[in-house]
Amino acid sequence: MAQLHCYVPEDIAQQAQRRAEQAGLSLSRYLAELVKRDAATASGWPEGYFDVFGSWQGEPLERAPQGEFEERLPLE
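In terms of the numbering used here, the sequence shown opens at residue 35 and continues consecutively.
1) Since residue 54 contacts residue 64 with CB under 8 angstroms, what's their CB separation in whole angstroms?
2) Report the CB separation of residue 50 from residue 61 in whole angstroms; it is logged as a contact under 8 angstroms.
3) Where does residue 102 fall in DSSP's three states?
4) With H, G and I counted as helix, E and B as strand and the rest as coil, what does DSSP make of residue 83?
5) Which same chain residues end up closer than 8 angstroms to residue 59 when comparing Cβ atoms and leaving out the 5 residues on each side of it in sequence?
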């Protein structure tokens, strides 16, 4: 497992420590979970994406007339 190092302002470090304690985790584990969750969100489909995909709730969609194909010279 990779080990990362970062620097944050003291007030942010204290805030992160408090949140880790509230979650019952070590600061290292808490930060690892935040990074893991953020990486998973950024690299995949949004949560619930496939639940709404294709579920249009409005007037029926109609395709406008496309006209006729244009006549072109054959390639030789």
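Beta carbons: idealized from backbone N, C-alpha and C, even for Gly.
According to the structure shown:
1) One-based indexing of the sequence shown puts residue 54 at position 20. One-based indexing of the sequence shown puts residue 64 at position 30. That belief holds up - the Cβ atoms of residue 54 and residue 64 are roughly 4 angstroms apart, short of 8 angstroms.
2) Numbered from its first residue, the sequence shown carries residue 50 at position 16. Numbered from its first residue, the sequence shown carries residue 61 at position 27. Rounded, the Cβ-Cβ distance is 6 angstroms, consistent with contact.
3) As a first step, residue 102 is located in the sequence shown; it is residue number 68 there, counting from the start. If DSSP states are grouped into helix, strand and coil, residue 102 belongs with coil.
4) On the sequence shown, residue 83 is found 49 positions in, with the first residue counted as 1. Correct three-state label for residue 83: helix.
5) Residue 59 sits at position 25 when you count from the first residue of the sequence shown. Taken in chain order, the residues that qualify are 67.
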